[in-house]
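Note sheet for the following structure.
There are 6 protein chains.
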Amino acid sequence: MAVFRKMFPLIMVIMALLAINSDKACAGDPDMLQDVCVADLTSRATNNTFGSLVTGANVMAIPGLNTLGVSMARIDYAPGGINPPHLHPRATEMIYVLQGELDVGFITTANVLVAKHIVQGEVFVFPRGLVHFQKNNGHMPAAVIAGFNSQLAGTQSIATTLFAATPAPGVPNDILAQAFQIGTMQVQQIKAKFAPRN
Amino acid sequence: MAVFRKMFPLIMVIMALLAINSDKACAGDPDMLQDVCVADLTSRATNNTFGSLVTGANVMAIPGLNTLGVSMARIDYAPGGINPPHLHPRATEMIYVLQGELDVGFITTANVLVAKHIVQGEVFVFPRGLVHFQKNNGHMPAAVIAGFNSQLAGTQSIATTLFAATPAPGVPNDILAQAFQIGTMQVQQIKAKFAPRN
Amino acid sequence: MAVFRKMFPLIMVIMALLAINSDKACAGDPDMLQDVCVADLTSRATNNTFGSLVTGANVMAIPGLNTLGVSMARIDYAPGGINPPHLHPRATEMIYVLQGELDVGFITTANVLVAKHIVQGEVFVFPRGLVHFQKNNGHMPAAVIAGFNSQLAGTQSIATTLFAATPAPGVPNDILAQAFQIGTMQVQQIKAKFAPRN
Amino acid sequence: MAVFRKMFPLIMVIMALLAINSDKACAGDPDMLQDVCVADLTSRATNNTFGSLVTGANVMAIPGLNTLGVSMARIDYAPGGINPPHLHPRATEMIYVLQGELDVGFITTANVLVAKHIVQGEVFVFPRGLVHFQKNNGHMPAAVIAGFNSQLAGTQSIATTLFAATPAPGVPNDILAQAFQIGTMQVQQIKAKFAPRN
Amino acid sequence: MAVFRKMFPLIMVIMALLAINSDKACAGDPDMLQDVCVADLTSRATNNTFGSLVTGANVMAIPGLNTLGVSMARIDYAPGGINPPHLHPRATEMIYVLQGELDVGFITTANVLVAKHIVQGEVFVFPRGLVHFQKNNGHMPAAVIAGFNSQLAGTQSIATTLFAATPAPGVPNDILAQAFQIGTMQVQQIKAKFAPRN
Amino acid sequence: MAVFRKMFPLIMVIMALLAINSDKACAGDPDMLQDVCVADLTSRATNNTFGSLVTGANVMAIPGLNTLGVSMARIDYAPGGINPPHLHPRATEMIYVLQGELDVGFITTANVLVAKHIVQGEVFVFPRGLVHFQKNNGHMPAAVIAGFNSQLAGTQSIATTLFAATPAPGVPNDILAQAFQIGTMQVQQIKAKFAPRN
Numbered sequence: 058m059a060v061f062r063k064m065f066p067l068i069m070v071i072m073a074l075l076a077i078n079s080d081k082a083c084a085g086d087p088d089m090l091q092d093v094c095v096a097d098l099t100s101r102a103t104n105n106t107f108g109s110l111v112t113g114a115n116v117m118a119i120p121g122l123n124t125l126g127v128s129m130a131r132i133d134y135a136p137g138g139i140n141p142p143h144l145h146p147r148a149t150e151m152i153y154v155l156q157g158e159l160d161v162g163f164i165t166t167a168n169v170l171v172a173k174h175i176v177q178g179e180v181f182v183f184p185r186g187l188v189h190f191q192k193n194n195g196h197m198p199a200a201v202i203a204g205f206n207s208q209l210a211g212t213q214s215i216a217t218t219l220f221a222a223t224p225a226p227g228v229p230n231d232i233l234a235q236a237f238q239i240g241t242m243q244v245q246q247i248k249a250k251f252a253p254r255n
Numbered sequence: 058m059a060v061f062r063k064m065f066p067l068i069m070v071i072m073a074l075l076a077i078n079s080d081k082a083c084a085g086d087p088d089m090l091q092d093v094c095v096a097d098l099t100s101r102a103t104n105n106t107f108g109s110l111v112t113g114a115n116v117m118a119i120p121g122l123n124t125l126g127v128s129m130a131r132i133d134y135a136p137g138g139i140n141p142p143h144l145h146p147r148a149t150e151m152i153y154v155l156q157g158e159l160d161v162g163f164i165t166t167a168n169v170l171v172a173k174h175i176v177q178g179e180v181f182v183f184p185r186g187l188v189h190f191q192k193n194n195g196h197m198p199a200a201v202i203a204g205f206n207s208q209l210a211g212t213q214s215i216a217t218t219l220f221a222a223t224p225a226p227g228v229p230n231d232i233l234a235q236a237f238q239i240g241t242m243q244v245q246q247i248k249a250k251f252a253p254r255n
Numbered sequence: 058m059a060v061f062r063k064m065f066p067l068i069m070v071i072m073a074l075l076a077i078n079s080d081k082a083c084a085g086d087p088d089m090l091q092d093v094c095v096a097d098l099t100s101r102a103t104n105n106t107f108g109s110l111v112t113g114a115n116v117m118a119i120p121g122l123n124t125l126g127v128s129m130a131r132i133d134y135a136p137g138g139i140n141p142p143h144l145h146p147r148a149t150e151m152i153y154v155l156q157g158e159l160d161v162g163f164i165t166t167a168n169v170l171v172a173k174h175i176v177q178g179e180v181f182v183f184p185r186g187l188v189h190f191q192k193n194n195g196h197m198p199a200a201v202i203a204g205f206n207s208q209l210a211g212t213q214s215i216a217t218t219l220f221a222a223t224p225a226p227g228v229p230n231d232i233l234a235q236a237f238q239i240g241t242m243q244v245q246q247i248k249a250k251f252a253p254r255n
Numbered sequence: 058m059a060v061f062r063k064m065f066p067l068i069m070v071i072m073a074l075l076a077i078n079s080d081k082a083c084a085g086d087p088d089m090l091q092d093v094c095v096a097d098l099t100s101r102a103t104n105n106t107f108g109s110l111v112t113g114a115n116v117m118a119i120p121g122l123n124t125l126g127v128s129m130a131r132i133d134y135a136p137g138g139i140n141p142p143h144l145h146p147r148a149t150e151m152i153y154v155l156q157g158e159l160d161v162g163f164i165t166t167a168n169v170l171v172a173k174h175i176v177q178g179e180v181f182v183f184p185r186g187l188v189h190f191q192k193n194n195g196h197m198p199a200a201v202i203a204g205f206n207s208q209l210a211g212t213q214s215i216a217t218t219l220f221a222a223t224p225a226p227g228v229p230n231d232i233l234a235q236a237f238q239i240g241t242m243q244v245q246q247i248k249a250k251f252a253p254r255n
Numbered sequence: 058m059a060v061f062r063k064m065f066p067l068i069m070v071i072m073a074l075l076a077i078n079s080d081k082a083c084a085g086d087p088d089m090l091q092d093v094c095v096a097d098l099t100s101r102a103t104n105n106t107f108g109s110l111v112t113g114a115n116v117m118a119i120p121g122l123n124t125l126g127v128s129m130a131r132i133d134y135a136p137g138g139i140n141p142p143h144l145h146p147r148a149t150e151m152i153y154v155l156q157g158e159l160d161v162g163f164i165t166t167a168n169v170l171v172a173k174h175i176v177q178g179e180v181f182v183f184p185r186g187l188v189h190f191q192k193n194n195g196h197m198p199a200a201v202i203a204g205f206n207s208q209l210a211g212t213q214s215i216a217t218t219l220f221a222a223t224p225a226p227g228v229p230n231d232i233l234a235q236a237f238q239i240g241t242m243q244v245q246q247i248k249a250k251f252a253p254r255n
Numbered sequence: 058m059a060v061f062r063k064m065f066p067l068i069m070v071i072m073a074l075l076a077i078n079s080d081k082a083c084a085g086d087p088d089m090l091q092d093v094c095v096a097d098l099t100s101r102a103t104n105n106t107f108g109s110l111v112t113g114a115n116v117m118a119i120p121g122l123n124t125l126g127v128s129m130a131r132i133d134y135a136p137g138g139i140n141p142p143h144l145h146p147r148a149t150e151m152i153y154v155l156q157g158e159l160d161v162g163f164i165t166t167a168n169v170l171v172a173k174h175i176v177q178g179e180v181f182v183f184p185r186g187l188v189h190f191q192k193n194n195g196h197m198p199a200a201v202i203a204g205f206n207s208q209l210a211g212t213q214s215i216a217t218t219l220f221a222a223t224p225a226p227g228v229p230n231d232i233l234a235q236a237f238q239i240g241t242m243q244v245q246q247i248k249a250k251f252a253p254r255n
């Protein structure tokens, strides 16, 4: 409630400011923004499969970002947690380590891995559309703030994309078997471990 | 030789035309272009791991494309051949089936598979930065012509990117094991089947 | 009917995928797309004034192309047929010769003609906004697939633009006479041979 | 000399300001800029074939415009003079009538002529890449200032492009004859009246 | 009335031409355009605080400019009048002096002043987003035509922005005092001289 | 030393990755980047005129950012410190509060102030080219991480731009006096308090 009141002037005025383009604004959810705003540096929410949590502050959460071409996200990592290999089709990402340490990397179109160990206060960049990942190999929780040069970067998490796309059965087993040079039984075993994310 | 002579006027004049920007032109290889030009509809060259061959006509092959923002490619598929899941970070791709039939698809950022069976003369589109694939489930060779809205779309083949990035050992095994929910031994087995592509 | 069913998933999902922008989608005509899809390599349809037929697969035919920035077209040429001098205000065009042979060319802003004889399997590029043409000087039908870096390249056929613009009488005769250094009677004779294309 | 001194600070500082991009700057000719600056409203220079003179202030004349995406031009028209049908591949043009009156128009990709009679102080716009023209049907000299949304709009004058491209013989006679539905003899007569412009 | 009739064809046809994008068109005011069209070179209207008058011909005045990325403005200056320090967030501006003489300048991000004295017929450029100004130090009225590479450049007049933003009291006094190193009383005195512009 | 070694792979490989464009890379200064990386949350460095310190991680510091279109910065504020009214000509800025609380705002081209009180974990956005500011009215140090959608946003601090531009005397006193409606003596007093920043 208080949150919505704080959001109100920002959203309404920017909409007015951008009247010519703002017919494309999305429905906003201030609570989602508030999730970003909560600065809980020891995130219990990372207690999941991958041990990480991405909280986005993009145009889906903040209609006022419409046409502004920028967004941010906060990512929390439990010890040993990863942000598995994924890509953003519409933006380059730059991260700043809020706390802890991370092993990060991306692969180029020349198939070269660019990896680095970064600690609190350091930055790293993941070029638009390239597969990248982060892992917290430390013993303490880690967190980063990410900046994107798009109001809606979009995310495609590789394993989920290939083994859990909807509607089931998603990507045909024979294609995955050929692509990864494994048996269709292995493909089915991997698919069994993933639930579709909508 | 004859090839170079044919290329010469095109390259030289466009370079002049684009003098303001052409300091970015790449070294051209007319032979590679000629590979595109050979209209061999029964490609023996598809006799490889995936049973497909991509021949690109982009700015690396044709310096004259510099600053023009467009390129093409021809893809040949043996019966049962696939163009495994991959993405282009810098371009949307549209294909036209020259011959045969293909099962094609891409996955959206909402993790929805958009798949279609297309035959000779039909078209399909793969949005920029999204994972997509094609498979020839027919009994005859298949081929497509692809158009890209970039002079250098770039390609990232998922399995090769994750399991064969250079320098070895590429993406850490533990990250791949966590991402695909498999054992590190399985990761090593998959890696063993891939040789790095430079 | 079958066509529409095949189009359905592609269009609907891409629209969902692009929800933020898709308020600009045009009404689609799957039949027009099907015209592209029919791979009839000996086109009776080229039996017209110029002996060529352009079939477009752009956003007017495929709403799903909206915001994707790419489109294609198939052009068929009867022996002796031409695609008369024209330009595309919103896109660079790259062509791949499906069959036959063509004499193609474009003129630069330095008023230099860049021309080439291309055969089956070869490619050529026409920079955005520059006047260009193709002619089939062979004895067999010819056909190309064109890729554009715009979802709606737009076309302006010079002779039709200057001598058959609507509403009649179109471009004033005195301006055409002065521009081409001919008499107004000649201008009227040329206009008499052109019917407006809407 | 005085001119160069006046240009000096503008060019040097903007180059510094744009250091990251300015490796693309062209050799500048301050005298050419000065030609623009001379506000001679009764231009003897319009005593030519078309009775008009275009003086450009673009990046070729002012290196400091590099990366700024804007340029201007002044066009003078003798009584009865025309700026014959032409197009700009890289920019939309907006004109402001300095003096006199003009009949102006452009043709859309739907082949519709958009024409208007404009007088001193009025404005008109010519969309990027579309064929357009101006004619001074008044008894006094006319002049306009044009603004372009490109540092180098480029110009393609249709008649010159089609009938006087270099190297000779330029566009093949048979193509022009077919395109305009005239005889090759008429084509040769028109070509004879045009001298190539380099 | 006559004005609207003249505007009608331009607006309607361009809207049709740009049907795919024109849902973003603004309500147009032909009278405002007419203000531009009146070529009154001795503007009584410059009898105001700053002694200058800006008359814009942008997409708010001419819906047909929508998506065309260009606009113009006419600026009149009384003797001693200024167009106070301001910026355009969405466009680079290029000016052509219609009459009189002006002292113009902009400041770079390296905080270097680029200033020049320009007279009738000369041009100058103000890069996008940089603070700039013009002053007529001559004894005669002056006027310029400005070209912008945006259909709606937007303007932020520094003094008005900082000392007269709405709703009152606008920018907090303590921030202005700290920023300009002056007392809050001086801040209040300056604010008292400005009335908000909506 | 250790810093440079960590930077090395990132810079070298991205340069390779971007070979076509990287002729525009700037000389990098890893130490400057390291300044960003030091996560000192109680910044003694804010002991200056404004009580704030901006540390940029842009293409001037990280050549590898060239062509990637994104950058970041860390801003530290002492209690009572401000980041005085300024603008970025080439980017929209989004901030995330690392610690403390801030009063932030920007003014629209409709001259409306959009202001908000934000605390640790909250975000706010400043549209490209619009004047904005931040002030720490709390009793504790504050800090934010800023993301920009440009590799070199550029900054123009209003007071410094208007009263301390180089070479001296910068913007003419009479123009500033007229613009702010103050006396030239007041202008000189303000200028006396500012030293040029190069």
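Chains as they are written, first to last, in our numbering: chain A, 58 to 255; chain E, 58 to 255; chain W, 58 to 255; chain S, 58 to 255; chain G, 58 to 255; chain R, 58 to 255.
Ideal Cβ positions, reconstructed from N, Cα and C, are used throughout, including at glycine.
Identified DSSP bridge partners for ASN140/G: GLN191/G
CB contact flag (GLY157/A, ALA210/A, <8 Å): no
Chain-ordered neighbours of THR223/R on chain G, where CB pairs are closer than 8 Å: ASN168, VAL169, LEU170
Neighbour flag for VAL182/W against chain E, beta carbons, 8 Å: yes
DSSP state of LEU170/R mapped onto helix, strand, coil: strand
Per-residue contacts from MET242/W into chain E (C-beta, under 9 Å): None at all; the shortest Cβ gap to chain E is about 37 Å.
Neighbourhood of VAL127/R by C-beta distance below 8 Å, restricted to the same chain and skipping five residues each side: GLY204, PHE205, ASN206, SER207, GLN208
Residue closest to VAL111/S, alpha-carbon to alpha-carbon, out of ILE132/S, GLY227/S, ILE152/S: ILE132/S
ALA236/E, DSSP secondary structure in three states: helix
Short-range partners of chain R found in the region 140-154 of chain A, where Cβ spacing is below 9 Å: ALA148, THR149, GLU150, MET151, ILE152, TYR153, VAL154
Neighbour-count burial assignment, ASN123/S, 16 or more Cβ in a 10 Å radius: buried
Rounded separation between ILE239/G and GLY138/R - CA only: 16 Å
LEU144/G beta carbon less than 8 Å from that of VAL188/G: yes
Straight-line Cα distance separating VAL176/S from PRO198/S: 12 Å
Within-8 Å CB hit, ALA236/W to chain S: yes
Candidates PRO226/R, ALA222/R, THR166/R, of which the one nearest GLY186/G by Cα: THR166/R
CB of ALA222/R within 8 Å of CB of VAL169/G, strictly: yes
Cross-chain neighbours of ILE202/W in chain C, by beta carbon under 9 Å: The structure shown contains no chain C; its protein chains are A, E, W, S, G and R.
Contacts of ALA114/E in chain W (Cβ-Cβ under 7 Å): VAL180
Residue closest to ASP231/W, alpha-carbon to alpha-carbon, out of PHE190/W, LYS248/W, ILE215/W, ASN115/W: LYS248/W
Nearest-angstrom Cβ-Cβ length linking PRO136/S and GLY195/S, presumed shorter than 8 Å: 6 Å
Beta-carbon proximity of MET151/G to VAL116/G, cut-off 8 Å: no
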